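Trainee:
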Amino acid sequence: MRAAIRALRAAGVGVGAAGAPLELRPAFDDAAPRVEPVTPLEGDRLAVRVVPGAPEPGIRAFLDGIQRSQVVTHIGAVPLVHGAVAAAVRRREARQLRTWGEARRREALVLPVAALEPTLVGALGAVIPLVDTTAGEPTPPSGHPQDLAARALTAVQRMREAEELALLAAWVAEGDGPLLVDGGISGSPEGARADAVIGVVKSHRTLYAAPAELPLVLGLREGERTTAVTLHSPRRNPVASWYLRLRDPGARSPLFGLVRVEVAPTGDLTARADAVSRWVLAERAPSALPDPRWDVMVYGIRECEEYLTAILPR
Amino acid sequence: MTASVLGRVVATERRPNTPHEFHFWTALDAPVGVGTIVRVESTRPVNGVLPSVYGVVTEGFGYTDLQTPLHDVLGADGVPGSSASAPTERTEIRLYTAAVLRQVPEEPLQPVPIGTVHLATEADVQAALRMDTYVQGSDARGIPVGAYRSGGTDAAVHLDADFLLGPEAAHLAISGVSGLATKTSAVQWLLASIFTHLPARKGKVAAVCFNVKGPDLCFIDRPATRLDPADRALYDALGVPAEPFAQVRYFAPWHARGTHLATLRTHDALADSVTPLTWGLRETLQYAEVLLSREDIDAKADALIDFIKERVVDQRFEDKLLEGAHEVRAFADLERWFRELLQGMEAANQEQWRTHHIATIRKVRNRLGNISTRCKGLVTDDGTVSDLPFGAFEDRAVYVVDVAQLEEDAQDLVFARIISQLREHLEKRALGVEQVVVFVDELNKYAPSDGADTYVRQMLLDIAERGRYLGLVLFGAQQFRSQVHRRVVGNSGTQLFGRMDADELATPGYQTLAPATKARLATLEKGQLMVRHPHFGQPIFVRFPRPAVLTGREGVEQFPPAEVPTLEMAVTKTLRRLDASITVGQVQDILALAGDDEEAILRARNVTLLKRPDNVLAFFSKQLRKRVAPEVVGGRGPAPLRAPATDDEYG
Numbered sequence: 000m001r002a003a004i005r006a007l008r009a010a011g012v013g014v015g016a017a018g019a020p021l022e023l024r025p026a027f028d029d030a031a032p033r034v035e036p037v038t039p040l041e042g043d044r045l046a047v048r049v050v051p052g053a054p055e056p057g058i059r060a061f062l063d064g065i066q067r068s069q070v071v072t073h074i075g076a077v078p079l080v081h082g083a084v085a086a087a088v089r090r091r092e093a094r095q096l097r098t099w100g101e102a103r104r105r106e107a108l109v110l111p112v113a114a115l116e117p118t119l120v121g122a123l124g125a126v127i128p129l130v131d132t133t134a135g136e137p138t139p140p141s142g143h144p145q146d147l148a149a150r151a152l153t154a155v156q157r158m159r160e161a162e163e164l165a166l167l168a169a170w171v172a173e174g175d176g177p178l179l180v181d182g183g184i185s186g187s188p189e190g191a192r193a194d195a196v197i198g199v200v201k202s203h204r205t206l207y208a209a210p211a212e213l214p215l216v217l218g219l220r221e222g223e224r225t226t227a228v229t230l231h232s233p234r235r236n237p238v239a240s241w242y243l244r245l246r247d248p249g250a251r252s253p254l255f256g257l258v259r260v261e262v263a264p265t266g267d268l269t270a271r272a273d274a275v276s277r278w279v280l281a282e283r284a285p286s287a288l289p290d291p292r293w294d295v296m297v298y299g300i301r302e303c304e305e306y307l308t309a310i311l312p313r
Numbered sequence: 000m001t002a003s004v005l006g007r008v009v010a011t012e013r014r015p016n017t018p019h020e021f022h023f024w025t026a027l028d029a030p031v032g033v034g035t036i037v038r039v040e041s042t043r044p045v046n047g048v049l050p051s052v053y054g055v056v057t058e059g060f061g062y063t064d065l066q067t068p069l070h071d072v073l074g075a076d077g078v079p080g081s082s083a084s085a086p087t088e089r090t091e092i093r094l095y096t097a098a099v100l101r102q103v104p105e106e107p108l109q110p111v112p113i114g115t116v117h118l119a120t121e122a123d124v125q126a127a128l129r130m131d132t133y134v135q136g137s138d139a140r141g142i143p144v145g146a147y148r149s150g151g152t153d154a155a156v157h158l159d160a161d162f163l164l165g166p167e168a169a170h171l172a173i174s175g176v177s178g179l180a181t182k183t184s185a186v187q188w189l190l191a192s193i194f195t196h197l198p199a200r201k202g203k204v205a206a207v208c209f210n211v212k213g214p215d216l217c218f219i220d221r222p223a224t225r226l227d228p229a230d231r232a233l234y235d236a237l238g239v240p241a242e243p244f245a246q247v248r249y250f251a252p253w254h255a256r257g258t259h260l261a262t263l264r265t266h267d268a269l270a271d272s273v274t275p276l277t278w279g280l281r282e283t284l285q286y287a288e289v290l291l292s293r294e295d296i297d298a299k300a301d302a303l304i305d306f307i308k309e310r311v312v313d314q315r316f317e318d319k320l321l322e323g324a325h326e327v328r329a330f331a332d333l334e335r336w337f338r339e340l341l342q343g344m345e346a347a348n349q350e351q352w353r354t355h356h357i358a359t360i361r362k363v364r365n366r367l368g369n370i371s372t373r374c375k376g377l378v379t380d381d382g383t384v385s386d387l388p389f390g391a392f393e394d395r396a397v398y399v400v401d402v403a404q405l406e407e408d409a410q411d412l413v414f415a416r417i418i419s420q421l422r423e424h425l426e427k428r429a430l431g432v433e434q435v436v437v438f439v440d441e442l443n444k445y446a447p448s449d450g451a452d453t454y455v456r457q458m459l460l461d462i463a464e465r466g467r468y469l470g471l472v473l474f475g476a477q478q479f480r481s482q483v484h485r486r487v488v489g490n491s492g493t494q495l496f497g498r499m500d501a502d503e504l505a506t507p508g509y510q511t512l513a514p515a516t517k518a519r520l521a522t523l524e525k526g527q528l529m530v531r532h533p534h535f536g537q538p539i540f541v542r543f544p545r546p547a548v549l550t551g552r553e554g555v556e557q558f559p560p561a562e563v564p565t566l567e568m569a570v571t572k573t574l575r576r577l578d579a580s581i582t583v584g585q586v587q588d589i590l591a592l593a594g595d596d597e598e599a600i601l602r603a604r605n606v607t608l609l610k611r612p613d614n615v616l617a618f619f620s621k622q623l624r625k626r627v628a629p630e631v632v633g634g635r636g637p638a639p640l641r642a643p644a645t646d647d648e649y650g
């Protein structure tokens with residue numbers, strides 16, 4: 000952020016107080032909830048299964064990434080956004096988490112290059128890396144400031160994903176045990192194929208089940224999982240996935256304590272899904288409180304986020 | 000360099016660093032705790048110099064990423080044991096607060112910079128405590144008070160002799176709970192350290208220690224029975240020989256009965272080393288106000304006492320009301336003088352004598368006559384004086400005055416007179432040494448912060464406020480510092496604290512200490528002290544060795560006090576100090592001449608002891624003959640001398 004402000008001031012652009020991060024603005028997170036059918040991989044239809052055996056620790060490390068996007072200033076209607084991302088693998092040894100290798104950090108000024116004076120772009124680019132929000136986009140920006148900001152946010156998300164994917168690939172190549180990734184793994188060719196990678200998805204804007212099967216998913220009790228399915232996504236790598244209830248929702252939302260697990264679709268899927276479920280259930284303690292998503296977040300991921308917050312470029 | 004990094008300075012808006020305080024975090028297993036001395040290294044030069052900051056840890060904090068304990072309960076489903084099996088431990092922090100001991104350079108005085116924190120080395124400890132200014136070089140004058148130990152660093156901590164014994168500052172106050180604070184041990188150790196390390200150019204030094212309870216200081220010339228290797232290592236490290244005091248002289252008054260000394264050091268093997276402490280009328284009258292309460296002495300009585308001191312005592316005195324000339328040299332003489340004077344006044348039907356009313360004379364007679372009774376054993380009727388060797392004090396000698404068995408009045412008299420004599424001799428530079436350390440235990444009793452303004456308290460205040468110019472140094476020990484007169488403790492340049500009582504630590508005098516420091520003080524082990532000294536920016540914790548002397552308790556076990564002797568045995572024992580060949584039989588023969596006059600016998604013994612004649616028995620016998628008219632019963636000649644008994648243990 001400071002680097003971006005220095006670059007802008009050096010280029011003669013006035014900078015005011017930074018607003019709230021774009022990630023916190025509700026207008027940018029308004030995709031409608033939906034339901035998507037899936038293809039069973041374990042059995043011939045979606046079913047509920049009690050995870051056998053007691054929860055047992057099996058996860059070796061945790062991967063997560065964070066991002067922050069803030070509008071630094073506007074040139075006319077064009078928002079100039081400072082994007083900062085960081086990702087890290089926190090490896091567990093003797094019950095303590097330590098950073099595996101090096102954490103990855105990156106910051107950039109995110110802007111639509113075509114909408115700005117080339118001299119200004121050149122001046123800014125000499126001081127801080129730039130990310131063009133229009134590069135590779137199928138449709139040109141509308142010129143609406145919110146559209147431009149939304150594109151910037153997407154660009155920052157891609158920055159973060161890129162860092163996460165790089166770390167994921169590195170772990171697959173050099174890591175020494177199961178890695179729990181915050182979110183899905185189908186976006187990573189290496190992750191989607193590796194036995195040692197487990198994705199845990201906490202948000203459920205899209206529920207992967209036929210409408211008739213939804214009661215099965217939402218009715219899971221603590222320690223139960225659905226049978227594994229495969230997701231249909233032409234742009235993503237195939238993975239096996241199932242829902243797992245971490246905590247009893249009681250009278251709370253049916254999504255309380257519900258996660259979706261993703262692994263590579265290899266081997267004896269039932270045995271593997273059971274084992275991975277036991278590992279994930281073991282990670283419920285210690286709780287991720289005070290994070291508001293504590294019901295679905297494992298502590299390793301929360302700790303990773305705290306670490307990344309501390310090192311995120313400012 | 001990275002390997003030696005202990006922690007890192009942190010500062011936030013809510014908890015900023017200041018020029019006198021900073022915060023740092025460490026690994027969970029870092030060898031740091033309250034009292035640890037650390038060094039901060041900054042990478043940002045100020046005026047071209049990289050600043051170094053020395054600090055001592057005063058507070059520690061540990062916490063996790065939990066916002067509230069309730070979150071842990073929720074996370075563990077209310078089952079305490081379940082969190083122990085969690086695969087990951089919560090992130091935890093060790094955050095410490097340190098008080099700045101010294102900044103180098105000292106100007107400009109800025110908030111402590113962000114930097115790396117390192118355990119202090121021995122050299123760092125010297126620099127942090129500013130000992131580098133007085134421990135080395137041609138003007139070295141450091142007195143080891145103990146060893147600083149933390150995180151593998153072992154460093155001697157020195158006091159500045161100029162600030163411990165004067166003239167810059169002086170006096171020492173040691174506080175702590177009885178039995179656990181090891182106050183007496185600490186003073187014994189420090190005296191040994193002073194005797195070893197005080198440079199000769201600073202002059203001769205001696206110590207006068209008042210033994211006020213039990214056998215505490217009665218065996219400090221005897222070697223300790225248990226000094227473990229750790230103690231010996233400390234002695235070696237601090238450069239003090241692990242030996243008892245080489246020169247100790249003990250003084251004790253006689254027991255009220257007069258047969259033996261009122262001390263627990265009466266074992267036959269040691270009794271010779273105790274000198275009687277007895278004073279006569281002149282010595283006592285100088286300090287009459289110590290023994291007489293304000294209610295006793297009004298202006299009229301005071302005037303009469305002054306008259307007696309100036310016009311009657313130690314001179315020939317005649318008056319028409321008296322039958323003849325008087326020479327008042329002892330309490331017995333004074334009593335005779337009063338008796339004759341009052342009889343003369345009654346006979347002449349006079350109510351006034353030289354402006355003094357008869358009632359005042361009666362009152363003063365009563366009060367003064369009482370003194371020799373109240374202080375029996377210390378104050379003699381006959382004027383025999385046996386005193387400390389004022390004027391001939393020896394360098395590095397300890398003079399122990401055992402007043403433990405004296406009544407409170409008599410103790411006050413001993414304090415008052417000895418300290419006054421020390422002061423007077425030091426003022427004239429005629430004591431024999433240039434500096435005297437006076438150790439007084441139980442300052443709570445002798446210099447209380449409240450209560451009556453006693454003579455002893457006034458005297459202790461006087462030492463505390465003016466003694467450093469004279470070389471008269473007060474080492475005071477007390478259980479409750481808050482209850483000692485603030486000018487006494489306030490004038491103590493050096494303060495030592497052993498294990499403290501929690502209630503005492505809650506008093507305002509300790510409000511400058513951090514809670515963790517107080518908690519450590521409340522749990523200090525024996526042999527540990529917290530030290531405040533003018534050069535130290537903050538209190539420092541040190542460890543000192545057990546004194547290399549026999550403790551009082553072990554002393555009485557090893558040298559149990561002798562049985563209360565018979566008169567014959569008491570006299571024999573005393574005279575044998577002058578002539579070892581004297582037997583009980585010889586003494587019994589001489590005593591037979593004195594009949595039942597026990598007081599005369601004891602007087603003769605005291606005079607003999609004081610004069611130290613060549614022919615002890617003859618001198619003793621002569622003294623008795625002076626007092627006792629020979630009584631011939633039935634015309635018989637003197638009884639033949641009895642031969643010494645063969646089983647006489649003194650024969």
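Heads up: the protein sequence lines correspond to chains D and G, in order.
Take the first sequence: its position 126, counted from the start at 1, is 125 in numbering that gives the first Met the number 0, and no numbers get skipped.
Take the second sequence: its position 593, counted from the start at 1, is 592 in numbering that gives the first Met the number 0, and no numbers get skipped.
Just so it is clear, CB atoms sit at the ideal spot from N, CA and C, and this is done for glycine as well.
As the structure is a prediction and not an experimental result, all values here were calculated from the model.
Please determine, among G/Ser81, G/Ala569, G/Leu94, G/Arg13, the residue with the shortest C-alpha to C-alpha distance to G/Gly32.
Mentor: Cα-wise, what sits closest to G/Gly32 is G/Leu94.
Trainee: Below 7 Å between beta carbons: does that hold for G/Arg225 and G/Ala241?
Mentor: no
Trainee: How big is the Cα-Cα spacing for D/Ile310 and D/Ala83?
Mentor: Cα to Cα, D/Ile310 sits roughly 10 Å from D/Ala83.
Trainee: Are any of the Cβ atoms in chain G nearer than 7 Å to that of D/Ala19?
Mentor: no
Trainee: The region 93 to 116 of chain D: which residues have C-beta closer than 9 Å to a C-beta of chain G, in chain order?
Mentor: Listed by position, the residues of the region 93 to 116 of chain D near chain G (Cβ gap below 9 Å) are Ala93, Arg94, Gln95, Leu96.
Trainee: Tell me, to the nearest whole angstrom, how far the beta carbon of G/Val56 is from that of G/Thr35; I am working on the premise that it is less than 8 Å.
Mentor: 5 Å
Trainee: Should D/Arg5 be labelled buried (16 or more other beta-carbon atoms within 10 Å of its own) or exposed?
Mentor: exposed
Trainee: How about the region 62 to 82 of chain G and the region 279 to 293 of chain D: do they share at least three Cβ pairs that are nearer than 8 Å?
Mentor: yes
Trainee: Opposite G/Phe23 in the DSSP bridges: which residues?
Mentor: Beta-bridge pairing links G/Phe23 to G/Val8, G/Tyr95.
Trainee: Could you please tell me which residues of the region 294 to 306 of chain D, in chain order, have their CB closer than 7 Å to any CB of chain G?
Mentor: Tyr298, Gly299, Glu302, Glu305
Trainee: Where D/Gly121 and D/Glu22 are concerned, what is the direct C-alpha to C-alpha distance, given to the nearest angstrom?
Mentor: 28 Å
Trainee: Going by the beta-carbon positions, is the gap between G/Ala515 and G/Gly54 smaller than 7 Å?
Mentor: no
Trainee: What's the C-alpha gap between G/Ser177 and G/Gln478?
Mentor: 6 Å
Trainee: Taking Cβ positions, are G/Gly343 and G/Leu367 nearer each other than 7 Å?
Mentor: no
Trainee: Are the CB atoms of G/Ala569 and G/His266 within a distance shorter than 7 Å?
Mentor: no
Trainee: Taking any Cβ of chain G, which residues in the region 160 to 186 of chain D have a Cβ under 8 Å from it, in chain order?
Mentor: Answer set for the region 160 to 186 of chain D: empty.
Trainee: Would you mind giving the Cβ-Cβ distance between G/Thr383 and G/Asn210, rounded to the nearest angstrom? I have them listed as a contact below 8 Å.
Mentor: Contact between G/Thr383 and G/Asn210 fails: their C-beta atoms lie close to 22 Å from each other, not under 8 Å.
Trainee: Mind listing which residues of the region 56 to 83 of chain G have their C-beta closer than 9 Å to chain D's C-betas, in chain order?
Mentor: Of all residues in the region 56 to 83 of chain G, those with a C-beta nearer than 9 Å to a C-beta of chain D are Thr63, Asp64, Leu65, Gln66, Thr67, Leu69, His70, Asp71, Leu73, Gly74, Ala75, Asp76, Ser81, Ser82, reading in chain order.
Trainee: Is G/Thr383 near the ligand PLP, going by C-beta to nearest heavy atom under 6 Å?
Mentor: Looking for the ligand PLP in the displayed structure turns up nothing, as the structure carries no ligands at all.
Trainee: Is G/Glu88 close to chain D? Criterion is C-beta to C-beta, closer than 7 Å.
Mentor: yes
Trainee: Since G/Asp595 is in the alpha helix (DSSP H), which residue starts that stretch and which ends it?
Mentor: Counting along the chain, G/Asp595 falls outside any alpha helix (DSSP H), and DSSP gives it neither H nor E.
Trainee: What three-state label does DSSP hand D/Ile58 in the structure shown?
Mentor: coil
Trainee: Locate the beta strand (DSSP E) running through G/Asp401, then write down its first and last residues.
Mentor: For G/Asp401, the enclosing beta strand (DSSP E) begins and ends at 397 to 401.
Trainee: For G/Ala628 and G/Ala287, what's the separation of their Cα atoms in angstroms?
Mentor: Note that G/Ala628 scores a pLDDT of 43, beneath 50, so its modelled location is shaky; the value from the coordinates is reported in the next line. One C-alpha to the other measures close to 34 Å.
Trainee: Do we get a CB-CB distance below 7 Å when we pair G/Ala10 with the residues of chain D?
Mentor: no
Trainee: Who are the neighbours of D/Ala53 on chain G, taking C-beta pairs under 9 Å?
Mentor: The contacting residues do not exist; D/Ala53 stays about 10 Å from chain G at best.
Trainee: Tell me, which residues are paired with D/Ile65 by DSSP?
Mentor: In DSSP, D/Ile65 forms a bridge with D/Ala85.
Trainee: I'd like to check one pair, D/Ile58 with D/Ala85: are the Cβ atoms closer than 7 Å?
Mentor: no
Trainee: Whole angstroms is fine: what's the gap from G/Arg395's alpha carbon to G/Val204's?
Mentor: 5 Å
Trainee: Say whether the region 140 to 156 of chain G touches the region 69 to 89 of chain G, bearing in mind that this needs 3 or more beta-carbon pairs closer than 8 Å, one atom from each stretch.
Mentor: Verdict: no, contact absent.
Trainee: Looking only at C-alpha atoms, which of G/Phe496, G/Asp138, G/Arg7 sits nearest to G/Lys525?
Mentor: G/Phe496
Trainee: How is the alpha helix (DSSP H) around G/Met669 delimited, first residue to last?
Mentor: Since the first and last residues shown for chain G are 0 and 650, residue 669 of chain G lies out of range.
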